[in-house]
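Worksheet: the structure to be examined is printed underneath.
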């Protein structure tokens with residue numbers, strides 16, 4: 020079967036599952052709400068970074084993106100859904116590629132819209148504190164935020180395919196981001212610079228130190244995502260439906 024009809028079928032699945040649409044809505048709502056709150060925060064801190072403060076709502080918002088990616092895959096493992104999908108599309112690699120594309124495109128688009136809205140509401144609250152941000156820095160922050168959201172959704176999707184469980188993927192990723200990353204993420208040097216979330220979030224800062232920059236940081240996150248997708252693809256190809 021050609022790729023486009025398979026992609027269309029996978030997009031219909033995502034569009035008709037309310038939980039997935041709800042996750043994308045939660046991504047937008049949580050990110051913009053927390054960014055609006057951050058926009059009225061104290062700006063006297065010497066480490067204050069206006070771009071990161073404006074886009075900081077993505078920290079809680081990314082949980083919704085991760086949930087979207089994990090649930091989109093895990094829905095196939097309930098009620099014999101995967102068997103039906105593979106009966107219609109016997110080429111497992113083609114089906115998995117279409118599923119990932121159907122996850123990546125809406126995650127990227129919603130991520131871009133969310134980042135733009137978060138930046139707008141936060142800047143309104145920050146006022147003069149954000150006046151030093153130029154157009155290029157803001158564009159980089161918005162585009163980078165959208166790409167980061169997409170990569171984290173795909174990371175979760177690949178892990179869910181490997182574990183054949185959305186709950187399993189969420190049980191690993193969410194504590195990792197909320198606990199492990201938070202506890203050791205500020206330790207300078209070492210492997211902490213290359214954690215998937217910390218590396219990708221460098222693009223959200225106006226100024227940055229360390230061995231990674233905005234785009235090299237996203238490249239590190241992309242490598243984590245590619246590894247998870249490769250593992251998920253192996254599971255889809257080798258294990259029984």
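Residue numbers (this note's numbering): 20 to 260. Idealized CB from N, CA, C, for every residue including glycine.
Excluding sequence positions up to five away, which residues of its chain have a Cβ less than 7 angstroms from the Cβ of residue i?
{"i": "residue 90", "result": "38, 39, 42, 185"}
{"i": "residue 54", "result": "73, 74, 75, 76, 137, 140, 141"}
{"i": "residue 120", "result": "26"}
{"i": "residue 36", "result": "94"}
With distances taken from CA atoms, which of the options is nearest residue i?
{"i": "residue 215", "options": "241, 105, 160", "result": "241"}
{"i": "residue 118", "options": "130, 105, 128", "result": "105"}
{"i": "residue 123", "options": "67, 30, 252, 24", "result": "30"}
{"i": "residue 146", "options": "69, 32, 253, 33", "result": "69"}
{"i": "residue 46", "options": "196, 25, 28, 83", "result": "83"}
{"i": "residue 223", "options": "23, 229, 163", "result": "163"}
{"i": "residue 159", "options": "134, 179, 180", "result": "134"}
{"i": "residue 151", "options": "231, 225, 187, 125", "result": "225"}
{"i": "residue 148", "options": "34, 231, 71, 51", "result": "71"}
{"i": "residue 78", "options": "93, 52, 92", "result": "52"}
{"i": "residue 113", "options": "50, 23, 127", "result": "23"}
{"i": "residue 48", "options": "21, 80, 33, 67", "result": "80"}
{"i": "residue 108", "options": "232, 28, 233, 257", "result": "28"}
What did DSSP end up calling residue i once you bin it into helix, strand or coil?
{"i": "residue 58", "result": "coil"}
{"i": "residue 167", "result": "helix"}
{"i": "residue 263", "result": "Missing from the structure shown is residue 263; the chain here goes from 20 to 260 and no further."}
{"i": "residue 210", "result": "helix"}
{"i": "residue 157", "result": "helix"}
{"i": "residue 226", "result": "coil"}
{"i": "residue 110", "result": "coil"}
{"i": "residue 68", "result": "coil"}
{"i": "residue 21", "result": "coil"}
{"i": "residue 232", "result": "coil"}
{"i": "residue 256", "result": "helix"}
{"i": "residue 200", "result": "helix"}
{"i": "residue 183", "result": "coil"}
{"i": "residue 152", "result": "coil"}
With burial defined as no fewer than 16 other Cβ atoms inside 10 Å of the residue's Cβ, what is the status of residue i: buried or exposed?
{"i": "residue 15", "result": "Shown here, the chain extends from 20 to 260; a query on residue 15 therefore has no answer."}
{"i": "residue 168", "result": "buried"}
{"i": "residue 244", "result": "buried"}
{"i": "residue 166", "result": "buried"}
Grab me the residues of residue i's own chain with a C-beta within less than 6 angstroms of its C-beta, minus the 5 sequence neighbours each way, in chain order.
{"i": "residue 183", "result": "96"}
{"i": "residue 115", "result": "252, 255"}
{"i": "residue 4", "result": "No statement about residue 4 is possible, as the shown extent of the chain runs from 20 to 260 and does not include it."}
{"i": "residue 229", "result": "212"}
{"i": "residue 239", "result": "213, 218"}
{"i": "residue 179", "result": "89, 92, 93, 185, 188"}
How about residue i: is its Cβ closer than 7 angstroms to a heavy atom in the ligand NAP?
{"i": "residue 244", "result": "Summarising the ligand content, the structure contains no ligands, and the ligand NAP is consequently not present."}
Strictly under 8 angstroms for the Cβ-Cβ distance: is residue i near chain D by that measure?
{"i": "residue 126", "result": "In the structure shown, chain D cannot be found, because there is only a single protein chain."}
> Is the stretch 242-249 in contact with the stretch 172-186, if contact means three or more CB pairs nearer than 8 angstroms?
Replying inline: yes
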